[in-house]
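Notes for the one structure printed next.
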Amino acid sequence: MPFWFELIVSLLLLGGGTFILLGSLGLVRMPDFYTRMHAPTKATTLGMWGLLIGALLLSSWNSGVLSMNQLLIAVFLLLTTPVSTHMLAKSALHHRLEWEENTQGQEHAKRFMDDH
Amino acid sequence: MLSWVIPLVFAMLCLAMLMNLWSLHTRSGLPDRVLALDTLYINSSALIILFGLWKATELYFEAALLIALLGFVSTVAVCKYMLRGDIIE
Numbered sequence: 001m002p003f004w005f006e007l008i009v010s011l012l013l014l015g016g017g018t019f020i021l022l023g024s025l026g027l028v029r030m031p032d033f034y035t036r037m038h039a040p041t042k043a044t045t046l047g048m049w050g051l052l053i054g055a056l057l058l059s060s061w062n063s064g065v066l067s068m069n070q071l072l073i074a075v076f077l078l079l080t081t082p083v084s085t086h087m088l089a090k091s092a093l094h095h096r097l098e099w100e101e102n103t104q105g106q107e108h109a110k111r112f113m114d115d116h
Numbered sequence: 001m002l003s004w005v006i007p008l009v010f011a012m013l014c015l016a017m018l019m020n021l022w023s024l025h026t027r028s029g030l031p032d033r034v035l036a037l038d039t040l041y042i043n044s045s046a047l048i049i050l051f052g053l054w055k056a057t058e059l060y061f062e063a064a065l066l067i068a069l070l071g072f073v074s075t076v077a078v079c080k081y082m083l084r085g086d087i088i089e
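Heads up: the sequence lines are chains F and R, in that order. UniProt numbering numbers the first residue of the first sequence as 1 and each following residue consecutively. UniProt numbering numbers the first residue of the second sequence as 1 and each following residue consecutively.
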């Protein structure tokens with residue numbers, strides 16, 4: 001395996017691992033549920049894309065043919081994460097979870113709560 | 001280079017999963033815990049893909065896809081239960 005290919009795969013894997021780690025750090029550090037929801041969905045999806053494209057390149061190199069298996073998981077995650085996040089946000093509003101004082105757009109959330 | 005990058009990414013993913021477990025343990029409230037479980041599902045599927053890369057085999061790909069799928073379905077089912085009190089009405 002040439003050095004430049006190994007370098008590209010290593011950078012992709014390291015970037016993916018870093019973004020997944022940042023997503024979990026955000027889950028621990030953020031102050032309320034509505035901000036906490038951002039980190040593990042956006043950062044983790046980006047991290048999974050980095051990791052999966054690195055895995056795709058490496059396994060394609062090892063097998064000699066272009067394998068699209070990992071791309072299937074990546075596209076699946078890209079499609080399903082917004083759906084589950086939307087459902088989680090709706091259920092959090094339904095449970096009337098607390099938010100930070102300086103949250104913007106509070107009147108929309110209150111209107112949603114009144115409707116449900 | 002890959003011989004030390006892959007174990008390093010293993011360590012990062014394990015640290016991320018430990019943070020998720022801590023969040024699952026300490027947070028109160030159902031949506032918080034479901035969010036932590038959802039992240040745990042995605043991270044474990046990443047860990048399995050990385051293990052397949054380490055062993056240079058395609059065997060573990062289906063397991064990772066299945067875990068990602070189950071994570072999505074279970075998250076949506078629990079959210080539906082939290083919203084409506086019932087999964088299929």
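Ideal Cβ positions, reconstructed from N, Cα and C, are used throughout, including at glycine.
query, result
"Can you list, in chain order, the stretches of the alpha helix (DSSP H) that have 4 or more residues and sit fully within the stretch 21 to 74 of chain R?", "30 to 55"
"Report back the beta-carbon spacing between Gly-47/F and Gly-26/F to the nearest angstrom; my notes put them in contact at under 8 Å.", "Not a contact, Cβ separation roughly 12 Å."
"List the residues of chain R whose Cβ lies closer than 7 Å to the Cβ of Ala-55/F, in chain order.", "Ile-49 and Leu-53"
"Starting from Met-87/F, find everything on chain R with Cβ-Cβ shorter than 8 Å and list it in chain order.", "Thr-75, Val-76, Cys-79, Lys-80 and Leu-83"
"Less than 8 Å between the beta carbons of Gln-70/F and Ile-49/R, yes or no?", "yes"
"Report buried or exposed for Cys-14/R, applying the criterion of at least 16 other Cβ atoms within 10 angstroms of its Cβ.", "exposed"
"Ser-28/R touches chain F at which residues, Cβ-Cβ below 7 Å?", "Within 7 Å Cβ-Cβ: nothing; Ser-28/R doesn't reach chain F, min ~10 Å."
"Can you check whether the C-beta of Ser-23/R is within less than 8 Å of a C-beta belonging to chain F?", "yes"
"Cβ closer than 8 Å: which chain F residues qualify as neighbours of Ala-63/R?", "Chain F residues near Ala-63/R: none, gap ~11 Å exceeds 8 Å."
"If you pair each beta-carbon of the stretch 51 to 66 of chain R with each one of the stretch 21 to 38 of chain R, do three or more pairs fall below 8 Å?", "no"
"Could you give the DSSP three-state label for Arg-29/F: helix, strand or coil?", "helix"
"By DSSP, does Met-82/R sit in helix, in strand, or in coil?", "helix"
"Report yes if the C-beta distance between Thr-85/F and Tyr-34/F is below 8 Å; otherwise report no.", "no"
"With a threshold of 8 Å on Cβ separation, who are the neighbours of Leu-93/F within its own chain once the five nearest residues in sequence on each side are excluded?", "Ala-109, Phe-112, Met-113 and His-116"
"I'd like the list of long-range same chain contacts for Met-37/F, defined as Cβ closer than 8 Å, with 5 residues on each side in sequence excluded.", "Thr-85, Leu-88, Ala-89 and Ala-92"
"List, in chain order, every chain F residue whose beta-carbon is nearer than 8 Å to that of Glu-58/R.", "Ser-59, Ser-63, Ser-67 and Asn-69"
"Using 8 Å for Cβ pairs, my map puts Ala-74/F next to Leu-52/F. What's the rounded Cβ distance?", "4 Å"
"In the DSSP assignment, find the alpha helix (DSSP H) that holds Pro-82/F and state where it starts and stops.", "69 to 94"
"I need the straight-line Cα distance from Asp-38/R to Glu-6/F, nearest angstrom please.", "32 Å"
"For Ile-6/R, decide whether its Cβ has a neighbour in chain F, counting only Cβ atoms nearer than 8 Å.", "yes"
"Using a C-beta cutoff of 8 Å, does Met-113/F count as contacting chain R?", "no"
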